[in-house]
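As numbered in our numbering, residues 35 to 551 make up the sequence shown, in order.
First comes the structure, then the notes that go with it.
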Amino acid sequence: MTQDIFIGGGGTDYETQQFLSIGYANRHGLIAGATGTGKTVTLQILAEGFAAQGVPVFLSDVKGDLSGLAKSGSADHKLHTPFMERAQKIGFEDYAYGAFPVTFWDLFGTQGHPVRTTVSEMGPLLLGQLLGLSEAQEGILNIAFRVADEDGLPLLDLKDLQALLVWIGENAKDLSLRYGNVSTASVGTIQRRLLVLENQGAADLFGEPALALSDLMRTDIDGRGFINILAADQLMQAPKLYATFLLWLLSELFEELPEVGDPEKPKLVFFFDEAHLLFEDAPKALVDKVEQVARLIRSKGVGVYFITQNPADVPDDILGQLGNRVQHALRAFTAKDQKELRMAAQTYRENPRFDTEEAIREVGVGEAVTSFLQKKGVPGIVERTLVRPPSSQLGPIDPAERAALMATSAMGGKYETRLDRESAFEMLKKRADEAAKAAAAAEEAAQSEDATPSLREFNSARRYAGKGVGRSTSRAPRRKADEGFGGAIASVVIKELKGTTGRRIVRGILGGLFKGR
């Protein structure tokens with residue numbers, strides 16, 4: 035039996051319990067607030083609540099704090115007494131410490147199981163955004179993907195794409211007639227961007243075995259959903275790679291999962307931390323893609339929760355679809371900050387007991403302004419809420435504990451060994467080798483058909499022989515006697531004799547000779 039997720043206590047004395055309705059959890063949500071106001075703890079307690087209700091969760095651990103979800107909280111923790119006092123204050127009678135089923139993932143394969151996709155699955159739109167390509171360069175990338183599809187060249191890893199781009203550059207003239215202008219300069223730019231991406235560690239992202247989405251949607255023997263934690267502290271050093279990977283994963287869920295309408299509870303909840311990285315300098319095509327996914331993926335049973343410092347980081351068309359909101363404190367130091375604070379307050383359903391704008395400015399750490407969808411998807415009245423304490427450990431586990439959990443994980447050994455089956459790189463190399471062998475064989479055959487050694491040498495351009503020339507266009511070497519002014523006069527005379535006037539003179543002389551006889 036499913037229950038709603040307890041978030042904390044609202045009302046005047048924080049005794050009015052606030053719940054996120056599990057039936058509306060796939061209507062998406064927002065966790066916002068300035069640094070140090072409690073967003074990470076809110077994310078932790080939401081993950082606990084979904085997992086307890088049998089809903090798998092995917093989240094990224096940007097600061098390295100969320101691995102504590104795998105370990106129970108303890109009475110020895112320094113915050114044990116404040117946690118117990120808060121639980122009593124908000125009426126959280128069932129509060130108890132406990133661990134949750136966790137699977138660790140890492141693009142670099144060090145702090146979790148490797149997670150990969152193929153270049154083909156990433157697609158030209160996301161890859162072009164990742165590389166920061168211009169419109170013309172994106173066109174070349176689209177041509178590369180089209181050629182790969184038509185020629186049956188699997189694009190699995192970066193070396194496949196790099197090899198294909200080399201081939202496109204070598205055949206640019208022929209491809210331009212079919213697909214439009216193919217600039218070798220643009221091909222070179224893409225190659226350089228791929229090199230930069232490779233230096234950032236993206237080579238670990240592309241390849242096989244690719245991540246199976248079903249491995250993110252598992253439950254344990256007790257029916258609790260697995261919490262999938264992506265190690266992102268190192269990944270955040272390449273912000274575009276981080277944002278593009280998460281968007282790819284979201285797009286894959288959208289494209290692969292079947293329609294389920296409005297399920298009793300979500301099939302998966304996806305937390306997109308540091309969401310501002312997704313929208314910074316993003317082209318309109320990409321923002322439109324995110325909006326489309328956010329609008330339609332809820333019918334696939336997936337709830338998406340954006341986590342960012344300021345609601346203004348999220349475009350309005352997407353922000354309007356985020357019905358479940360936890361707004362921690364915002365700091366308004368500048369006129370721009372005050373305007374954004376005012377706009378954030380206006381998006382909530384007013385509560386007559388307090389001014390929402392002032393509440394957002396004044397709430398303390400661990401406290402938030404909340405609004406959750408109610409019956410028929412109607413936004414609830416905004417409340418000042420004291421967020422409940424987490425049941426799992428607050429803070430990270432140590433590396434030895436992480437390694438032990440990875441060793442006993444059902445995912446252990448499935449993704450650790452990289453596969454390198456025949457793909458575009460090997461196919462293009464094979465074609466080049468076959469073409470070189472064919473050219474060598476043709477040259478050898480042509481040489482063997484020559485009858486004499488001298489003719490073979492002539493055909494191979496090793497020795498010149500006059501008899502081998504069918505028609506000579508060479509001029510005889512000029513003699514020294516022809517040089518100087520006399521030589522120049524002689525040349526003019528000869529030229530005139532070759533012309534029409536010269537022929538007339540010759541005919542006149544010959545005619546006079548014959549007449550004299």
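The C-beta atom is built at its ideal place from N, Cα and C for all residues, glycine as well.
Own chain, CB closer than 8 Å to residue i, minus 5 neighbours either side, in chain order
| i | result |
| --- | --- |
| V416 | Y382, R383, E384, N385, T390, A393, V403, T404 and S405 |
| L209 | I177, V181, I202 and V216 |
| N241 | At residue 241 the sequence reads Gly, which differs from the Asn that was named. Cβ neighbours of G241 beyond the five flanking positions: R150, T152, L190, D191, R452, L453 and D454. |
| E204 | none |
Three-state class that DSSP yields for residue i in the structure shown
| i | result |
| --- | --- |
| H111 | coil |
| E290 | helix |
| T76 | helix |
| I41 | strand |
| E242 | strand |
| Y339 | strand |
| G398 | coil |
| N385 | coil |
| A510 | Caution is warranted here: a pLDDT of 47 is assigned to A510, below 50, making its placement in the model unreliable, and the coordinate value is therefore given only provisionally. Residue state, collapsed to three classes: coil. |
| L259 | Note that residue 259 corresponds to Gly in the displayed sequence, not to Leu. Strand at G259. |
| S34 | The question about residue 34 has no answer here: the residues shown for the chain are numbered 35 through 551. |
| G63 | strand |
| L93 | strand |
| L195 | helix |
| A265 | strand |
| N358 | strand |
| P273 | helix |
| D453 | According to the sequence as given, residue 453 is Leu; it is not Asp. Here L453 sits in strand by DSSP. |
| L189 | coil |
| S405 | strand |
| T278 | helix |
| T46 | coil |
| L69 | Note that residue 69 is Thr in the sequence shown here, rather than Leu. Reduced to three states, the DSSP call for T69 is coil. |
| P317 | coil |
For residue i, the first and last residue of its enclosing beta strand (DSSP E)
| i | result |
| --- | --- |
| E417 | E417 to V421 |
| A332 | What sits at residue 332 in the sequence shown is Arg, not Ala. R332 -> no beta strand (DSSP E), and no H or E assigned at all. |
| Q51 | T50 to L54 |
| V149 | Segment: none, V149 is in no beta strand (DSSP E) and carries neither H nor E. |
| F304 | L302 to F306 |
| V348 | That residue, V348, is in no beta strand (DSSP E); it is neither H nor E in DSSP. |
| T137 | V136 to D140 |
CB contact check: residue i to chain E, cutoff 8 Å
| i | result |
| --- | --- |
| D194 | Given the protein chain composition of this structure (a single chain), no chain E is represented. |
Same chain only: Cβ atoms within 7 Å of residue i, ignoring 5 sequence neighbours per side
| i | result |
| --- | --- |
| K73 | I65, G67, I341 and H362 |
| M461 | L187 |
| I528 | At I528 the pLDDT is 47, less than 50, meaning the model places this residue with poor confidence and gives no usable figure here. |
| A277 | L311 and L312 |
| S220 | A170, Q171 and I174 |
| A266 | S94, D95, V96 and Y276 |
| T507 | Confidence is the limiting factor: at T507 the pLDDT is only 45, short of 50, which leaves the residue's position unreliable and the question unanswerable from this model. |
| D351 | E325 |
| L247 | E286, L287 and E290 |
| A458 | A182, L187, P188, L189, D194, A197 and L198 |
With 16 other Cβ atoms within 10 Å as the buried cut-off, status of residue i
| i | result |
| --- | --- |
| F84 | buried |
| E468 | exposed |
| Q427 | buried |
| Q37 | exposed |
| V412 | exposed |
| P430 | buried |
| D191 | buried |
| R61 | buried |
| T535 | Here T535 scores only 46 on pLDDT, less than 50, and its place in the model is too uncertain to base an answer on. |
| T419 | buried |
| F117 | buried |
| S482 | exposed |
Closer than 7 Å: residue i CB and nearest the ligand HEM heavy atom
| i | result |
| --- | --- |
| S405 | By its list of ligands, the structure shown contains no ligand whatsoever, and the ligand HEM lies outside what it can speak to. |
Where the alpha helix (DSSP H) containing residue i begins and where it ends
| i | result |
| --- | --- |
| S106 | From DSSP, S106 is part of no alpha helix (DSSP H); its letter is neither H nor E. |
| G162 | V153 to L165 |
| A219 | T218 to N233 |
| S482 | A458 to S482 |
| F313 | H310 to F313 |
| M445 | No alpha helix (DSSP H) contains M445, which DSSP labels as neither H nor E. |
| S210 | A206 to Y213 |
| A379 | A369 to Q380 |
Chain-order list of residues whose beta-carbon lies under 6 Å from that of residue i (same chain, five-residue window excluded)
| i | result |
| --- | --- |
| L302 | P90, M251 and V336 |
| V360 | I65, T76, A402 and T404 |
| E478 | none |
| K274 | L164 |
| G504 | For G504, the predicted structure reports a pLDDT of 46, less than 50, and the residue's modelled location is therefore unreliable. The matter cannot be settled from this model. |
CB-CB length for residue i against residue j, believed under 8 Å
| i | j | result |
| --- | --- | --- |
| K334 | L291 | 4 Å |
| A328 | M377 | Going by Cβ atoms, the distance from A328 to M377 rounds to 20 Å, so no, they are not a contact pair. |
| S425 | E82 | 6 Å |
| A59 | K299 | 7 Å |
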